[in-house]
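Q:
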Amino acid sequence: MTTTALPGTDALRARAEDALRRCGAQLPAGGTGVTARTPLTGGTLRTLPAATPEGAAATIAAAEAAFGEWRTIPAPRRGALVKRLGELLTEHKEDLAELVTIEAGKIRSEALGEVQEMIDICDFAVGLSRQLYGRTMASERPGHRLSESWHPLGVVGVISAFNFPVAVWSWNTAIALVCGDTVVWKPSELTPLTALACAALLGRAASDTGAPEGVHGLLLGGRDCGELLVDDERVALVSATGSVRMGREVGPRVAARFGRCLLELGGNNAAVVTPSADLALAVRGIVFSAAGTAGQRCTSLRRLIVHEDVADALVEQVVHAYGRLPVGDPFRPGTLIGPLISTAAYDAMTKALVAAQADGGKVLTGGDRRLRDEAPEAAYVGPAVVRMPAQTAIVREETFAPILYVLTYRTLDEAIELHNGVPQGLSSSIFTRDQREAERFLAADGSDCGIANVNIGTSGAEIGGAFGGEKQTGGGRESGSDAWRAYMRRATNTVNHSDELPLAQGVNFL
Ligand code: NAD
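In the UniProt record's numbering, the protein residues as written are 1 to 510.
1. For Asn172, is the beta carbon positioned less than 7 Å from some heavy atom of ligand 1?
2. By how many angstroms is the C-alpha of Gly24 removed from the C-alpha of Ala200?
3. For ligand 1, any of its heavy atoms closer than 7 Å to the Cβ of Cys449?
4. Closer than 6 Å by C-beta to His497: which residues in its own chain qualify, once you throw out the five before and the five after it? Chain order, please.
5. Would you say the segment 123 to 141 touches the segment 437 to 448, given that touching needs at least three Cβ pairs under 8 Å?
6. Thr473: beta carbon under 7 Å from a heavy atom of ligand 1?
7. Under 8 Å, do Arg145 and Val406 count as touching if we go by C-beta distance?
8. As a quick exercise: from Gln26, Arg372, Thr335, pick the residue whose alpha carbon is nearest that of Ser342.
9. Count Cβ pairs between the segment 267 to 278 and the segment 187 to 197 that sit closer than 8 Å; are there 3 or more?
10. Mapping DSSP to helix, strand and coil, what is Leu153?
11. So within the segment 122 to 175, which uninterrupted beta strand (DSSP E) runs reach at least 3 residues, ignoring any that extend past its ends?
12. Going by beta carbon distance, what residues of the same chain come within less than 7 Å of Arg141, once the five residues before and after it are set aside?
13. Should the segment 79 to 99 be regarded as contacting the segment 271 to 282, the criterion being three or more beta carbon pairs within less than 8 Å?
14. Could you tell me whether any non-hydrogen atom of ligand 1 is closer than 7 Å to the CB of Ala438?
15. Is it right to say Ser129 is buried, meaning 16 or more other beta carbons lie within 10 angstroms of its own, or is it exposed?
16. Give the secondary structure of Ala211 by DSSP, where H, G and I count as helix, E and B as strand, and everything else as coil.
17. The beta strand (DSSP E) that contains Met349, what's its start and end?
18. Assign Pro252 to buried or exposed, taking buried as 16 or more other Cβ atoms, counted over all protein chains shown, within 10 Å of its Cβ.
19. Nearest to Gln317 by CA position, among Ser300, Val287, Leu202, Gly113, is which residue?
20. What is the DSSP secondary structure of His497, reduced to helix, strand or coil?
21. Can you tell me whether DSSP reads Pro187 as helix, strand or coil?
22. Please state whether the Cβ-Cβ distance between Val155 and Ile60 is less than 8 Å.
23. Per the DSSP calculation, His320 is bridged to which residue(s)?
24. Once DSSP output is grouped into helix, strand and coil, what is the label at Glu478?
25. Using the beta-carbon count (16 or more within 10 Å), is Phe509 buried or exposed?
26. Taking Cβ to Cβ, would you say Val238 is nearer than 8 Å to Gly259?
27. Can you list, in chain order, the stretches of the alpha helix (DSSP H) that have 4 or more residues and sit fully within the segment 433 to 487?
28. Nearest CA to the CA of Glu398: which residue from Asp347, Ser459, Cys298?
29. Using a Cβ-Cβ cut-off of 6 Å (strictly less than) and excluding sequence neighbours within five positions of Thr392, which residues of its own chain qualify?
30. Roughly how many angstroms separate the alpha carbons of Arg46 and Gly31, rounded to a whole number?
31. Out of Ala50, Gly180, Glu462, state which residue places its alpha-carbon closest to the alpha-carbon of Ala486.
32. Would you mind sorting Arg84 into buried or exposed? The rule is 16 or more other CB atoms within 10 Å of its CB.
33. Take the Cβ of Ser481 as the centre, count every other Cβ of all protein chains shown within 10 Å, and call the residue buried at 16 or more, exposed below.
34. According to DSSP, Gln424 sits in a beta bridge with which residue or residues?
35. Going by Cα to Cα distance, which pick from Ala491, Val507, Leu27, Arg477 is closest to Asn172?
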């Protein structure tokens, strides 16, 4: 299904400017280097000045100076800034969602959901500001106390991807701020307007709560601009979200200067469907994970590993559901699939489908370009399902588009081997009503991913858990659980309150 009548670029520009104004963002009068576009039409919204090396150095210097003060403010008081940010995000939820739809192409409900995720992480971080616990250990020496303290780390550089233009920033920033760090953000060059709105709201929160200037800085620009953060010794932690290619470049450069790196890279997520699965429930989970967000989530479902006894029935239901997914204007109520980010993303999708067919794959539905006449510079596509004879090279790659490869298996061991037989390790799921199968999937010799689910799809994580994955996904963890530790430094403290000086391990000296 395709919905017609797209909004025009001029109307979208006006909507974006209104939303920015309501958020209190100042739009620079001129400048080039960054082009804000909308994937809804492929049109240009405006150009913006990119950060210069001198400007970036000054922003990092301001963050470093602010860190000197911020780290001494008690964590529960730092929480007040994040609490205020959460209030402003709640007040401007609609505005931010508007910008997310205009710049990233997300349907309204998913855009609102992304902003809700920001509000949730603020709540989490405010609670955390009173729970940055260290341990007390039993000392082997009499009259001694052994414990650990967690201290602020420094300036955190956040580099984010286009597909979660606001949530990833907030996961990092809300946690880093309560941990006593200051933040410099380099958002995706594809979503500069949402970044301006977020920065303006945090600026307001900082001035409302008396936080030091420089607690947050924004650098607009592309890869060159990201490299300025990567190479700067003053940036203690670089938290980078994006492709494996980006991580390969960023990781070694940060390591070369002994900086800390938190990498959140690409996924190639799979769901195993066993014969005992509730197929109707599985279909809903699969379609949301695979076709939702037009396949542009790091956790999007890309591989379906189905037991051969239920494969035909399941695939038929999935293909049927795909045929009824409304593709088109993401603002329009009822639309479930918005545009791809660019026509280049559509080209990558087409190339992958051609490669899959050359490997013996059969495209069962999708892959067709929609609304081409209405918006030749936009990329609306029918989400694709491809039945594959084997897990070939193209299936092992992440193509950032809605392609679901279907593979079949005979034994659960074989399914798990297929599942883990890719270079990425982000999200995974199993649909089963058999407890032994579910537990095996979650066990040490089951899914090798950072996220392993039962009877839900691979996407749509909650903020309470640690988010991230293994292997080429980079190993980083953000958001909930104890992910905050990556944003702090640990000091082990031994205090002697006796009159003696016993040495550890029974060593005698003096
Ligand atoms: P991308 O790698 O093209 O860009 C991501 C960010 O990195 C951008 O801000 C970009 O300017 C910057 N960048 C690129 N090369 C750089 C370099 N050499 N040095 C410094 N900065 C550099 O990714 P994208 O197309 O925006 O996003 C899609 C990718 O992100 C997918 O692979 C997706 O799976 C991944 N992603 C992962 C997660 C996660 O949490 N694991 C979340 C969202 C997206």
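From the three backbone atoms N, C-alpha and C, an ideal C-beta is built for every residue, glycine too.
Model, not experiment: these values are computed from the prediction.
A: This is what the structure holds:
1. no
2. 6 Å
3. no
4. Gly143
5. no
6. yes
7. no
8. Arg372
9. no
10. coil
11. 144 to 152, 155 to 159
12. Pro502, Ala504
13. no
14. no
15. buried
16. coil
17. Unbroken run through Met349 is the alpha helix (DSSP H), 343 to 358; no beta strand (DSSP E).
18. exposed
19. Val287
20. coil
21. coil
22. yes
23. Note: His320 sits in no beta bridge, so no partner.
24. strand
25. exposed
26. yes
27. 435 to 442
28. Cys298
29. Asp359
30. 10 Å
31. Gly180
32. buried
33. exposed
34. Lys471
35. Arg477
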